[in-house]
Structure formats: C-alpha cells, structure tokens
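*Asks:* Everything in the sequence shown is counted per this note's numbering, starting at 53 for the first residue and increasing by one.
The structure that follows is given in the form of structure tokens.
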Amino acid sequence: MKLPVPFIQLPLQFDAQALATEVAAFDQTLWQPHPNGIPGNTALPLITVNGDPSRGDALQGPMRPTPALERSPYFLQVLASFSAVLGRCRLMRLSGRAEVDLHVDSDYYWHERVRVHVPILTQPSVRFTAGDTTINMAAGECWIFDTWRLHHVANDNDEERIHLVADTVGGAAFWDLVNAGRPHAAPRAGWAPRRVTPGGAQPALLFENVNSQTPMSYWELRDLVQFILSEAEPQPRMAAVADLAGVFVRNWQTLWFHHGSDPAGMPEYAAHLAGFLGRLAQVAQGLSLRNGADLVAAMNGILRRAASTPGPRVELGEEGARTPKARPTSAIIERPVFIVSPPRSGSTLLFETLANSPDLFTVGGESHGLIEGIAALDTVQRGYDSNRLTADDATPLVAEQLRARFRMAAFDRDRRPPGAEFRLLEKTPKNALRLPFLNRIFPDALFIYLHRDPRQVLASMLEAWESGGFRTYKELPGWRGLPWSLLLTPGWRELNGAALGDIVAAQWQTTTKILLDDLESFAPARVTVARYDALLADPEAEIRRLCSFAGLGWDRALGAKLPLANHTVSTPDPDKWRRREAVIAPLLPRLQPTIERAAMFARR
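Pasting the structure below:
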C-alpha cells in the first residue's frame, strides 16, 4: 500500500524473547525455500489459504491459521493486538549475509493491504530500505512501510534475521493504531508504545474470506486505472495511454451494467481485458512510474485478476507477481553510455537507434522517475533550485539506490533482463546538468555529446513549450506565464515574466555552458561527439562510428531514413526553424559565443 512516508512505527511493543522461544519450538522442516530459489530466503507459513502450509505463497482464497500458528499462543496474541482483518502471515527468515531483492509490490493484492513487520531475531546491521530511507527495525517493535516504493532488505551479519510479517487490509481500530504511530523521522522523545505481554487474553482473530472480485466492478477498476495513470512519469506518449485507458474503462462500464458479476459475461470481460493489456504493451512500452516501476508491468499486476480466463487456474503468489523477476541485485553496470545534449537536440532519435545494439540495456525511455524518485534528488524537495546535481549529491546511499533502480528496470532490445554484468545506455535531457553526479557514481562512464544546429534546437524548444506536452513543473512556485517545460536550469527565477523566446534561449545557453564545462573536465577518451545532421545523412555510418567508440557490437542494417522518434512533435525539417525566424534571429547575437564554442567542441 502507498503510504505518506516510507515507514511508520505502530504504538505496540512485543516480547521478542517470548516470540523467539515459540519460533525455536517449530520443526525446521516447516521452513520453506523461496519459490524463486533466492539464496538465504525462507518462510514459515502462519496464515494461508485454508490454513494449508503448502499454499504459503497463495494470495486468493479464505485465509486461516496453520497448525503451527494454532499451537503458538503468543503469536496468536500478537496478531490479535493488531485489531485487523488478517491476510497471509508468515515468518520471514534471512540467513547471514542474505538479502531481499529490490522490488516494488505492484500487484493488486498490495494496493489495499499494508505489511506489518515485527522483528524477532535481528541485529543493528540489518538494513531495511524503502525509497531513499533506510532504517533498522529493532526486536519487538512493530512497523508498517510503503510497499509502493522500491524496497530492499540486507542482512549484513553472520546471524540470521527473522520477522513476523502479516498482510492486512486493517480495520477501524487498526487505523487508529496507524494514526497514533510514529513516522520514522519523528523524534522518539515521549514515545511510549503499549506493551503486549505474554499470557494476556486472546480475542478471536478475523481472517480474510474475500481477496478480490472477478469480474472486477466498474468502480474499482476505474479507480485502479486512474491510480496507475496518476503515478506515471509525465511524457508526451502518456496522452495516448490515457486515451486508450479511457476507452477501456468506458467499455468495462458498459459490460458491468449489462452483465454485472454474472459468470455468463466472463468471456467478454476477459477478452476486453486481454485486448487492452495487449494494446497497452505496444503504446506504453518503456514508460515508467515515479517509483521506478514499469507502467505496463504495473498495470498488468493490478488488473490481472479483473477477469478470470479459461483454462486451469494458476496460483500466482507474491514472488511470482513481482516484475521483473529474480534480477541479480549485485549486477555490475560496466562502462554505461550517457547521451547528453540540450533538450530537443534529437537525443531520443539517437537513443532509440543506438538501443538496437546487442550489447546495450536501457530502461526503455527517459529515467526521470528512476532518478528523481529518490527523495534526495527530487527537485521539488530540493526547493525547486534546478535540475543541477553535483558530485556532492552522489552520496554512497544515493549511488547504491540509483544503481539498484537501473538494475531493476533495465532490459535489452529483446526485453530480457540483464545478467551479472551489463552495459547501460541512458538518455534523459536533465542529465546535461548532472555530469559530475553521474561521473561520481559511474567513474568508467562514456559520454556522447549530441550536437545540433542551435537554431533548430531553439525552434523545437519553442514548439515543445507551446505544445503543452513537455511540462515538467506545472506549479512552479512564483512562476508566471506558461507552465515550465523541459529541464529546470540554474537561474530560472531571473526569467520570470520574460518572453518565451528569451526563456528558451537562456535554457539552451545555460545548459550548453554547464554541459561543455563538465565534458571538458573528462579525459578525451571518455567523450565523443555525435552530429545530428550526420545521423540523418548516413545513419548506419554514424551509429557504427559511435559503437566503435564505445566498444559495442552492431548487427542491424539501417535504412537511409530513420523512423520518427517517440517525442517528435511535428515532422522534422532542417529549415523548419525559419517559420520562427522572427523570434529566433534576434536571440542569436547574445548566444553567439556559446554557439561558436559548441561548434568548436563538435569538431573535435
């Protein structure tokens, strides 16, 4: 469940030693290996479908206590203290030096459920990370966390770690506990959680009997689709995604008011759902959510139970629902390649073409959500200063989180996840202001500076501002005029009230100066130049030259003309800028020193 903060401690304190005593009484054969075979991860089911321990990973069906829970009085007492309707519940064990893969819980099951953690055996070195926040949960404490954020657990100790982990939709008394809870960043002064001592009363537990509805009601489906859309990174293609989703929801409404939950309508529901998800995979490929998850995967996860399909039922549990699956959390990103340029220089075209190398992995598009989803890098939380990031912003924690986010989201041209080592190709226009930051995290990175006629760039930037499809900060504090579009440059406040041409000129000039300053500080062998005009004139020659520079293979023939890039607003034309010559020509004299400097750099 998405929460307002990464972690909340509930006002309950348990006797960890009493819980450990009951754990020690369990036969070791009750512990089950991770369904994906992840080393060091085992679980002991306490509440499962029909109380069957063999169904410890299942998420659908009436939840009941297993025999292990029924003979554990203090565990029953602890669970009763939550005053909640209980879903699946397990003991989760991490052996020494083991970890839980970085992931987002994007399946339908967790949209309405929180995950309660009670540490039983633990050490101060056990690190639980959600988003950009890392904490240690002490033995006997009670925590919930935001499962919608990227999260990860590492046991940096030789001793095992065991948590009681319960999924719940809550209840009135449970949410009173949450409201009385302590956000992780709140001071502990005056914090006095209620102690639940062994031997107290054991009220009857409440268990889930219904986990989902199929077919899903129109109202629930509408809200879930809207939730995913609201979490998406803003990109021009999102307009087409929203249109597709709107048609899908309206058609589902028609089916619902005609069939309701009548099984006779199930084939129509299932066909409509499959059609939507299939078209979404084409329209939204590579789009991401602000938490770093893939939009298509998240929509599939949250809607996959909306209509049952013919054939044998597949019981897909938590680990099976996670996407992508079983990615190596220690994979090494070797010599990543960053395409950098001022916005609207044609970097999307270069990126989409170069991504066809058999040696490269990408996140499918721009990485705004992966980068700014880390709170320490969020421009809003940084006071809207600018998109500039320096080496000082690349703290060890931030570096670890960003590398992990790229590992989780990356795939090759055939949509396959990376192995233990991989080459990453990245293109996000804001990165033109972030080279020292990227260099600190990836000291072996290579940079491709894309140069395009500044007149063409300025014309495309004006078009982007006016189109409304590139708005990055719609409510920039104190800003007057069109909502801010494209990257946020240092000194943007001085442009308040200026004409759009002056704003765009300042954006281009500031970005280019910073970018060239940073590129000139790197060893020449790490930087090359791609010319937009050369890419259009002879695509294959330019791509092969870039692959040779980066040590990449190339095995595909390119035609004489490349297809339009995803972010194209209107058909490219080298003289298209002349339609705006009246605005652009007066800007050129003040930009001339930077124009000449960029041209000289491009000739290196």
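Glycine residues also receive a C-beta, built at the ideal position from the N, C-alpha and C atoms.
Everything numeric in this text was worked out from a predicted model, so none of it was measured.
Does the structure place the segment 409-423 close enough to the segment 479-496 that three or more beta carbon pairs sit under 8 Å?
*Replies:* Yes, the segment 479-496 touches the segment 409-423.
*Asks:* Using a threshold of 8 Å, state whether the C-beta atoms of residue 63 and residue 233 are closer than that.
*Replies:* As a working mapping, residue 63 is identified with position 11 in the sequence shown. As a working mapping, residue 233 is identified with position 181 in the sequence shown. Cβ atoms of residue 63 and residue 233: closer than 8 Å.
*Asks:* Measuring CA to CA, which of 515, 121 and 474 is closest to residue 497?
*Replies:* Stepping through the sequence shown from its first residue, residue 497 is reached at position 445. The shortest Cα separation from residue 497 among 515, 121 and 474 belongs to 474.
*Asks:* Measuring only the C-alpha atoms, how far is residue 619 from residue 135?
*Replies:* For the purposes of this step, residue 619 is taken as the residue at position 567 of the sequence shown. For the purposes of this step, residue 135 is taken as the residue at position 83 of the sequence shown. Note that residue 619 has pLDDT 48, beneath the 50 cutoff, so the model's placement of it is unreliable and the number below is only indicative. Rounded to the nearest angstrom, the two C-alpha atoms are 51 Å apart.
*Asks:* State the DSSP-derived secondary structure class of residue 364, mapped to helix, strand or coil.
*Replies:* Residue 364 sits at position 312 when you count from the first residue of the sequence shown. With a pLDDT of only 41 at residue 364, under the threshold of 50, the placement of this residue in the model should not be trusted, and no figure is reported.
*Asks:* Where does the unbroken alpha helix (DSSP H) through residue 141 begin, and where does it stop?
*Replies:* Position 89 of the sequence shown, counted from the start, is the residue given in the question as residue 141. No alpha helix (DSSP H) contains residue 141, which is instead part of the beta strand (DSSP E) from 137-146.
*Asks:* Ignore the nearest five residues each way along the sequence and tell me which others in residue 640's own chain have a CB closer than 6 Å to its CB.
*Replies:* Here residue 640 refers to the residue found at position 588 of the sequence shown. Within the same chain, residue 640 has no close Cβ partners at all.
*Asks:* Please classify residue 400 as buried or exposed, where buried requires at least 16 other C-beta atoms within 10 Å of its C-beta.
*Replies:* For the purposes of this step, residue 400 is taken as the residue at position 348 of the sequence shown. Buried.
*Asks:* Determine the extent of the beta strand (DSSP E) in which residue 171 is found, giving its start and end residues.
*Replies:* Reading the sequence shown from its first residue, position 119 is the one you call residue 171. Start and end: 166-173.
*Asks:* Contact check, residue 519 vs residue 422 under 8 Å by CB: the rounded distance?
*Replies:* The residue you call residue 519 lines up with position 467 of the sequence shown. The residue you call residue 422 lines up with position 370 of the sequence shown. Contact doesn't hold; Cβ gap of about 25 Å is too wide.
*Asks:* For residue 657 and residue 180, which I take to be in contact (beta-carbon distance under 8 Å), what is that distance rounded to the nearest angstrom?
*Replies:* Because the chain here runs from 53 to 656, residue 657 falls outside it and cannot be looked at.
*Asks:* Measure the beta-carbon distance from residue 187 to residue 276 and round it to whole angstroms, keeping in mind my assumption that it falls under 8 Å.
*Replies:* Residue 187 sits at position 135 when you count from the first residue of the sequence shown. Residue 276 sits at position 224 when you count from the first residue of the sequence shown. Not confirmed; about 30 Å, so no contact.
*Asks:* By the DSSP assignment, the beta strand (DSSP E) with residue 390 in it spans what residues?
*Replies:* As a first step, residue 390 is located in the sequence shown; it is residue number 338 there, counting from the start. That run of the beta strand (DSSP E) goes 389-392.
*Asks:* Count the other CB atoms within 10 Å of the CB of residue 103; is the residue buried (16 or more) or exposed (fewer)?
*Replies:* Within the sequence shown, the letter at position 51 stands for residue 103. So residue 103 counts as buried.
*Asks:* Distance, Cα to Cα, residue 369 vs residue 94?
*Replies:* Taking the first residue of the sequence shown as position 1, residue 369 is located at position 317. Taking the first residue of the sequence shown as position 1, residue 94 is located at position 42. In this predicted model, residue 369 has a pLDDT of only 49, less than 50, meaning its place in the structure is not dependable; the value taken from the coordinates is given anyway. Taking the straight line from one Cα to the other gives about 15 Å.
*Asks:* Drop a sphere of 10 angstroms on the beta-carbon of residue 379, count the other beta-carbons inside from all chains shown, and report buried for 16 or more, exposed for fewer.
*Replies:* On the sequence shown, residue 379 is found 327 positions in, with the first residue counted as 1. Reliability fails at residue 379, whose pLDDT of 45 lies under 50, so the model's placement of it is uncertain and no value is given.
*Asks:* Less than 8 Å between the CB atoms is what I'm expecting for residue 500 and residue 391, so what's the real figure, rounded?
*Replies:* As a working mapping, residue 500 is identified with position 448 in the sequence shown. As a working mapping, residue 391 is identified with position 339 in the sequence shown. At roughly 5 Å, the Cβ-Cβ gap stays under 8 Å, so residue 500 and residue 391 are in contact.
*Asks:* Determine the direct distance from the alpha carbon of residue 485 to that of residue 291, and round the result to whole angstroms.
*Replies:* Numbered from its first residue, the sequence shown carries residue 291 at position 239. Numbered from its first residue, the sequence shown carries residue 485 at position 433. So the alpha carbons of these two residues sit roughly 27 Å apart.
*Asks:* With residue 194 and residue 170 assumed to form a contact (beta carbons below 8 Å), what rounded beta-carbon distance in angstroms separates them?
*Replies:* To locate residue 194, count along the sequence shown from 1; it is residue 142. To locate residue 170, count along the sequence shown from 1; it is residue 118. The pair is a contact, with the Cβ atoms about 5 Å apart (cut-off 8 Å).
*Asks:* DSSP on residue 326, reduced to helix/strand/coil?
*Replies:* Taking the first residue of the sequence shown as position 1, residue 326 is located at position 274. In this structure, residue 326 counts as helix in the three-state DSSP scheme.
*Asks:* Quick one: grab the DSSP three-state call for residue 115.
*Replies:* On the sequence shown, residue 115 is found 63 positions in, with the first residue counted as 1. DSSP places residue 115 in strand when its eight states are reduced to three.
*Asks:* Within the continuous alpha helix (DSSP H) that includes residue 303, where are the two ends?
*Replies:* Counted from its first residue, the sequence shown places residue 303 at position 251. Residue 303 -> alpha helix (DSSP H) spans 290-311.
*Asks:* Alpha carbons only, please: which of 460, 505, 439 and 477 is nearest the one belonging to residue 489?
*Replies:* Sequence index remark: in the sequence shown, residue 489 carries index 437 (1-based). That would be 439, whose Cα lies nearest to the Cα of residue 489.
*Asks:* What does a CB cutoff of less than 6 Å around residue 367 pick up in its chain, not counting 5 residues either side in sequence?
*Replies:* Numbered from 1 along the sequence shown, position 315 holds the residue referred to as residue 367. Because the pLDDT at residue 367 is just 48, under 50, the model does not fix this residue reliably, and the value given afterwards should be weighed accordingly. Only 110 meet the Cβ criterion.
*Asks:* With the cut-off set at 8 Å, would you say residue 280 and residue 350 are in Cβ contact?
*Replies:* Here residue 280 refers to the residue found at position 228 of the sequence shown. Here residue 350 refers to the residue found at position 298 of the sequence shown. Yes. Within cutoff.
*Asks:* Cβ atoms of residue 395 and residue 197: under 8 Å apart, would you say?
*Replies:* Within the sequence shown, residue 197 is the residue found at index 145, counting from 1. Within the sequence shown, residue 395 is the residue found at index 343, counting from 1. Taking 8 Å as the Cβ cut-off, residue 197 and residue 395 do not qualify as a contacting pair.
*Asks:* To the nearest angstrom, report how far apart residue 244 and residue 262 are at their CA atoms.
*Replies:* Position 192 of the sequence shown, counted from the start, is the residue given in the question as residue 244. Position 210 of the sequence shown, counted from the start, is the residue given in the question as residue 262. Straight-line Cα distance between these residues: approximately 35 Å.
*Asks:* Take residue 441 and list the residues in its own chain whose beta-carbon comes closer than 6 Å to its own, dropping the five residues that flank it on each side.
*Replies:* On the sequence shown, residue 441 is found 389 positions in, with the first residue counted as 1. Excluding sequence neighbours, residue 441 sits near 486 and 489.
*Asks:* Taking contact to mean at least 3 C-beta pairs separated by less than 8 Å, is the segment 461-468 in contact with the segment 157-173?
*Replies:* Flag = no, the segment 461-468 and the segment 157-173 do not touch.
*Asks:* Apply the 10 Å Cβ neighbour rule to residue 271 and answer buried if 16 or more other Cβ atoms are within range, or exposed otherwise.
*Replies:* Within the sequence shown, residue 271 is the residue found at index 219, counting from 1. The residue in question, residue 271, is exposed, as its Cβ has fewer than 16 Cβ neighbours within 10 Å.
*Asks:* Could you tell me which residues DSSP puts in a beta bridge with residue 235?
*Replies:* For this step, residue 235 is matched to residue 183 along the sequence shown. 60.
*Asks:* If you measure between the beta carbons of residue 131 and residue 332, is that distance less than 8 Å?
*Replies:* Working through the sequence shown from its first residue, we reach residue 131 at position 79. Working through the sequence shown from its first residue, we reach residue 332 at position 280. No. Outside cutoff.
*Asks:* Exposed or buried, residue 309, counting other C-beta atoms within 10 Å across all chains shown (16 or more means buried)?
*Replies:* Mapped onto the sequence shown, residue 309 falls at position 257. It counts as exposed.
*Asks:* With respect to the alpha helix (DSSP H) encompassing residue 73, which residues constitute its N-terminal and C-terminal limits?
*Replies:* Position 21 of the sequence shown holds residue 73. Unbroken alpha helix (DSSP H) run through residue 73: 68-76.
*Asks:* Excluding the 5 residues preceding and the 5 following residue 644 in the sequence, name in chain order all residues of the same chain whose CB lies nearer than 7 Å to its CB.
*Replies:* Translated into the one-based positions of the sequence shown, residue 644 becomes position 592. Cβ neighbours of residue 644 beyond the five flanking positions: none.
*Asks:* For the structure I just gave you, are there three or more beta carbon pairs, one from the segment 520-531 and one from the segment 592-611, closer than 8 Å?
*Replies:* Contact between the segment 520-531 and the segment 592-611 is absent, because fewer than three Cβ pairs lie under 8 Å.
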